[in-house]
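Undergrad:
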Amino acid sequence: MFPIRFIRSYTTGKTPFEPALQLEKEYPIQLRFIPWPFRVEESFGGNLQERNKLNWNKVRYGYMDVRRFANEHGLIIRGPQRIFDSRLSLMGG
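If you read the sequence shown in the working numbering, its first letter stands for residue 126, the second for the next number, and so on.
#1: Any beta carbon of chain B sitting closer than 8 Å to that of V191?
#2: So what does DSSP say about F209, is it helix, strand or coil?
#3: Between the segment 180 to 189 and the segment 155 to 162, do three or more beta carbon pairs fall short of 8 Å?
#4: Relative to the C-alpha of E166, which candidate in Q147, K183, E151 and K139 has its C-alpha closest?
#5: Helix, strand or coil: which one does DSSP assign to L66?
#6: Does DSSP put F142 in a helix, a strand or coil?
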């Protein structure tokens with residue numbers, strides 16, 4: 126039997142946990158979920174009017190990956206109506 130390894134998993138609170146929890150069932154690991162705020166402004170160039178072509182490509186290819194994953198798993202993906210700042214919800218740990 127292999128010793129249990131502890132693995133840090135950074136999560137935004139909006140991330141699905143099921144794939145990570147499945148790893149705990151299949152392998153001798155224990156996950157430690159660590160809150161991590163995803164900053165949309167820093168990652169994708171701030172407001173819609175401020176985004177350059179590179180930032181729009183990041184958004185476009187990100188959605189393409191999400192749609193590909195959703196189609197493989199029979200899920201429906203809808204675009205966000207509003208983007209929320211998740212830092213407050215992560216303060217509780």
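Positions of the beta carbon are idealized from the N, C-alpha and C atoms, including for glycine.
Bear in mind that the values here come from a model prediction, so they are computed numbers and not experimental data.
TA: By the coordinates alone:
#1: This model lacks chain B altogether, as it is built from one protein chain only.
#2: Mapped onto the sequence shown, residue 209 falls at position 84. It is coil, neither helix nor strand.
#3: no
#4: Translated into the one-based positions of the sequence shown, residue 166 becomes position 41. When each option's Cα is compared against that of E166, the closest is K183.
#5: The chain is shown from 126 up to 218; residue 66 falls before or after that span and cannot be answered.
#6: Here residue 142 refers to the residue found at position 17 when the sequence shown is read from its first residue. The answer is coil: DSSP assigns F142 none of H, G, I, E or B.
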